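Student: Per mature numbering (1 follows the signal peptide of the UniProt record, and there is no 0), the sequence shown runs over residues -29 to -1, 1 to 486.
Just so it is clear, CB atoms sit at the ideal spot from N, CA and C, and this is done for glycine as well.
In this text, all values refer to a predicted model and were calculated from it rather than measured experimentally.
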Amino acid sequence: MGGFSFKNLTLMIIIGLLIWCSNFETCNSRRVGRHWRQRRSTAASLYKKKSKNHSYNHQHGNAGKSKPKTPSPKAPPQTPPLPPPAAGHNKGSPPKKGGGSAPGSSVFNVLDFGARGDGITDDTKAFQAAWAAACKVEASVINVPAKYVFLVGPISFSGPYCQHNIVFQVDGTIIAPTGSSHWGSGLLQWLEFTKLVGITVKGSGIIDGNGAVWWKNSPYYDDPLDDQSKLIFPSNGTLGVKPPIPVRNSLGKMPSIKPTALRFYGSYNVTVTGIKIQNSPQCHLKFDNCIGVSVYDFTVSSPGDSPNTDGIHLQNSKDVLIRSSTLACGDDCVSIQTGCTNVYIHNVNCGPGHGISIGGLGKDNTKACVSNITVRDINMHNTMNGVRIKTWQGGSGSVQGIQFSNIQVSEVQLPIVIDQYYCDRTTCKNQTSAVALSGINYEGISGTYTVKPVHFACSDHVPCTDVTLTNIQLKPQQERYHMYDPFCWQTFGQLYSPTIPPVACLLVGKGRSLF
């Protein structure tokens, strides 16, 4: 019985060992098999890498058919295909070190096209040649290098047959010529970009219009003066004193037509960032008939008494964003003209200058349309106006959907202005038609003024409607001029909170003509 039991026990042990060994081999065989499949996959992928008949995606498609739940390691990666060329790189050839223009490069350094950058030699032709080359390459870069000063005459960087997304990289300084021979009988712009898609002007450089020679060479009566001065009467008796006789340029009298420093016309997706424009003869930066405009980290610098030197001028343009910029000039920090819609301006420092203005609109009996404008988070110091809408008598059209909010003013003469009797001439004819103003909202405007806190002068025949004021707190600065109370004429709307000072002249209702 004991022997039998021993035999049985021995047999059971042997069977158990066989079963255990079998299980061990089975688990091990799975592992071995798995490793084998990995090696086979690796070998197959290496084979496919050598073969021209298999694509990268096809390899991964085969690898995805593996049945085990634990994912197998990926095959050694192939050299990926070259990515599409980005700004500053052309297919097949990297740019030459230092930003040069190596064959096949998409970086075009103006020095490689003959520019001297000494501030004396005329580099206009070199800039033209660099543009002609860059125009043919998508996402190309024109490099205006730092530590050079380039004298460039009037020039147009034109499409519409140029490739898209060209970058004009300005890290050096570009200066305008001061001799009258460069300007002929007068030009409306100095540097112009026309009919382009995705054009960007950026960098840490300076565009200097040498405007002083223009301002000195033109009598003050050649320039239309901002009509808002009629509301400001200095108490020191200087009103009516004639300005000094202008100093003539030894290189010849400059034309009476003054150029804008940098203008974009008929372009789509335009970006201006980083650069500084200073001392423009007239407007510093202008957008005309453009869609999709972005201006940020941008600087304008000109004296507060430089005539008609708007910081940024918008006309017939839509989908515009202006932010995080500092604008100091002799006219409107931002001027919004007819045909503009969907404009958003925020986080801008303005001053000196004439504030941020819509208009003048309706000049010479024209029709003007402006809508959906937001101006917010603005600091204004030592400006003539704060936020202003100005229209001429005799015009037509409309201004609607305007939001001015969170505006901080300091020593501003007229913080809030609507003037439908704008006139920059000696006299203007009284006319009954006017641009219609509605949906004008002022919210969170605070600080100090030196002349009058609120001036609403609306049309007798087409009064302003739906004008709202919320949280307006304006206090007089130490008196330098005669101080005035808020003024309203034919202005209808609502006060949503008490104002400082009280604006009791605002009329409640929908508005009606006096005639």
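1) Kindly confirm or deny that the segment 263 to 278 and the segment 327 to 345 touch, where touching means at least three C-beta pairs closer than 8 Å.
2) Check whether the Cβ atoms of I177 and T149 lie closer than 8 Å to each other.
3) V243 bridges to which residues according to DSSP?
4) Since residue 489 and M225 are thought to touch, with beta carbons under 8 Å apart, how far apart are those beta carbons, to the nearest angstrom?
5) Answer with buried or exposed for Y420, where buried requires no fewer than 16 other C-beta atoms within 10 angstroms of its C-beta.
6) Bridge partners of Q374, per DSSP?
7) Just grab the DSSP bridge partners of I471 for me.
8) Are the Cβ atoms of L159 and I228 separated by less than 8 Å?
9) Going by Cα to Cα distance, which pick from H325, C133 and M355 is closest to Q384?
10) Can you round the beta-carbon distance between V425 and V474 to whole angstroms, since I take them to be within the 8 Å contact cut?
11) According to DSSP, is T312 helix, strand or coil?
12) Shortest alpha-carbon distance to C459 belongs to which of L478, I170, E109 and I246?
13) Just to check my reading of the structure: V370 and V341 have Cβ atoms closer than 8 Å, yes? What is that Cβ distance to the nearest angstrom?
14) How about I349 and V319: are their beta carbons less than 8 Å apart?
15) Would you mind stating whether A86 and F128 have Cβ atoms separated by less than 8 Å?
16) Considering Cα atoms alone, identify which of S295, S265 and G282 is closest to K289.
17) Short of 6 Å in beta carbon distance, which residues of its chain neighbour G174, apart from the five on each side in sequence? Order them along the chain.
18) Buried or exposed: which applies to R359, given that a residue is buried once 16 or more other Cβ atoms fall within 10 Å of its Cβ?
19) I believe C429 touches T397 by the beta-carbon criterion, under 8 Å. Please report the beta-carbon distance rounded to the nearest angstrom.
20) State the Cα-Cα distance for the pair H284 and T231, rounded to the nearest angstrom.
21) Considering only DSSP beta bridges, list what residue 502 is partnered with.
22) Rank I146, G372 and C133 by C-alpha distance to the C-alpha of P252 and give the top, closest one.
23) Work out the CA separation of Q391 and D89 for me, nearest whole Å.
24) Under the assumption that I443 contacts I416 (Cβ atoms under 8 Å), give the Cβ distance between them as a whole number of angstroms.
25) Under the rule that 16 or more other beta-carbon atoms within 10 Å means buried, what is P278, buried or exposed?
26) In or out: N401 buried (at least 16 other Cβ within 10 Å) or exposed?
27) From the DSSP output, which residues share a beta bridge with S369?
28) Assuming G366 and S404 are in contact, meaning their beta carbons sit under 8 Å apart, how far apart are those beta carbons, in whole angstroms?
29) Near V380, what residues of its chain come up, given a Cβ to Cβ distance below 6 Å and the 5 sequence neighbours on each side ignored?
30) Out of Y119, K118 and A104, state which residue places its alpha-carbon closest to the alpha-carbon of V112.
31) Output the boundary residues of the alpha helix (DSSP H) element that contains T95.
32) Tell me, please, which residues DSSP counts as bridged to M351.
33) In angstroms, rounded to a whole number, what distance separates the CA positions of A299 and F84?
34) Output needed for D335: all residues of its chain with C-beta closer than 8 Å, excluding positions within five of it in sequence on either side, in chain order.
35) Considering just the uninterrupted stretch of the beta strand (DSSP E) at G88, what are its terminal residues?
36) Using 10 angstroms around the beta-carbon of residue 492, count the other beta-carbons present and answer buried if the total reaches 16, otherwise exposed.
Tutor: Per the coordinate set shown:
1) no
2) Here residue 177 refers to the residue found at position 206 of the sequence shown. Here residue 149 refers to the residue found at position 178 of the sequence shown. It is not a contact, given that the beta carbons lie outside the stated cut-off.
3) As a first step, residue 243 must be located in the sequence shown, where it is residue number 272. Partner(s): V172 and V266.
4) The structure shown has nothing for residue 489, since the chain only spans -29 to 486.
5) Indexing the sequence shown from 1 puts residue 420 at position 449. Its Cβ being crowded by 16 or more others within 10 Å, Y420 is buried.
6) What you label residue 374 is simply residue 403 of the sequence shown in a count that begins at 1. BP columns for Q374 point to T345 and N412.
7) Position 500 of the sequence shown, counting from 1, holds the residue named residue 471. Paired residues: Q444.
8) For the purposes of this step, residue 159 is taken as the residue at position 188 of the sequence shown. For the purposes of this step, residue 228 is taken as the residue at position 257 of the sequence shown. Closer than 8 Å, so yes.
9) Taking the sequence shown and counting its residues from 1, the one referred to as residue 384 is at position 413. In terms of Cα proximity to Q384, the closest of H325, C133 and M355 is M355.
10) Locating residue 425 in the sequence shown gives position 454, where the first residue counts as 1. Locating residue 474 in the sequence shown gives position 503, where the first residue counts as 1. Confirmed, about 6 Å.
11) Sequence index remark: in the sequence shown, residue 312 carries index 341 (1-based). T312 falls in the strand class under three-state DSSP.
12) As a position in the sequence shown, residue 459 is number 488, starting the count at 1. For the residues L478, I170, E109 and I246, the minimum Cα distance to C459 belongs to L478.
13) By 1-based counting over the sequence shown, the position of residue 370 is 399. By 1-based counting over the sequence shown, the position of residue 341 is 370. With a Cβ gap of about 5 Å, V370 and V341 count as contacting.
14) Position 378 of the sequence shown, counted from the first residue, corresponds to residue 349. Position 348 of the sequence shown, counted from the first residue, corresponds to residue 319. Yes, they are a contact pair.
15) Against the sequence shown, residue 86 aligns to sequence position 115. Against the sequence shown, residue 128 aligns to sequence position 157. No.
16) Within the sequence shown, residue 289 is the residue found at index 318, counting from 1. Ranking S295, S265 and G282 by Cα distance to K289 puts S265 first.
17) Locating residue 174 in the sequence shown gives position 203, counting from the first residue. The answer, listed in chain order, is Q140, V141, D142, G245 and I246.
18) The residue labelled residue 359 in the question sits at position 388 within the sequence shown. By the 10 Å Cβ count, R359 comes out buried.
19) Translated into positions along the sequence shown, residue 429 becomes position 458. Translated into positions along the sequence shown, residue 397 becomes position 426. Distance from C429 to T397 at the Cβ level is roughly 23 Å; contact not present, criterion being Cβ atoms closer than 8 Å.
20) What you label residue 284 is simply residue 313 of the sequence shown in a count that begins at 1. What you label residue 231 is simply residue 260 of the sequence shown in a count that begins at 1. Roughly 10 Å separates the two Cα atoms.
21) Absent from the structure is residue 502, since the part of the chain shown begins at -29 and ends at 486.
22) Position 281 of the sequence shown holds residue 252. If we check each option's Cα against that of P252, I146 comes out closest.
23) For the purposes of this step, residue 89 is identified with residue 118 of the sequence shown, where counting begins at 1. For the purposes of this step, residue 391 is identified with residue 420 of the sequence shown, where counting begins at 1. Distance between the alpha carbons of D89 and Q391 is about 49 Å.
24) Mapped onto the sequence shown, residue 443 falls at position 472. Mapped onto the sequence shown, residue 416 falls at position 445. Correct: roughly 5 Å between the Cβ atoms.
25) Numbered from 1 along the sequence shown, position 307 holds the residue referred to as residue 278. So P278 ends up on the buried side.
26) Here the question's residue 401 lines up with position 430 in the sequence shown. Exposed, since its Cβ has fewer than 16 Cβ neighbours within 10 Å.
27) Position 398 of the sequence shown, counted from the first residue, corresponds to residue 369. According to DSSP, which records beta bridges pairwise, S369 is partnered with C340 and A407.
28) Translated into the one-based positions of the sequence shown, residue 366 becomes position 395. Translated into the one-based positions of the sequence shown, residue 404 becomes position 433. That pair is a contact at about 7 Å.
29) The count along the sequence shown starts at 1 and reaches residue 380 at position 409. M351, G357, P386 and G418.
30) Within the sequence shown, numbered from 1, the residue matching residue 112 stands at position 141. The shortest C-alpha separation from V112 is found at A104.
31) To locate residue 95, count along the sequence shown from 1; it is residue 124. T95 -> alpha helix (DSSP H) spans T95 to A105.
32) Residue numbering aside, residue 351 sits at position 380 when the sequence shown is read from its first letter. Answer by DSSP bridge pairing, in chain order: C321 and V380.
33) Working through the sequence shown from its first residue, we reach residue 299 at position 328. Working through the sequence shown from its first residue, we reach residue 84 at position 113. If you take the alpha carbons of A299 and F84, they lie about 35 Å apart.
34) In the sequence shown, counting from the first residue as 1, residue 335 sits at position 364. Excluding residues within five positions, the ones whose Cβ falls inside 8 Å are W363 and G365.
35) Start at 1 with the first residue of the sequence shown, and residue 88 comes out as number 117. Unbroken run through G88: none, as it is neither H nor E.
36) Not covered by the structure: residue 492. The range shown for the chain is -29 to 486.
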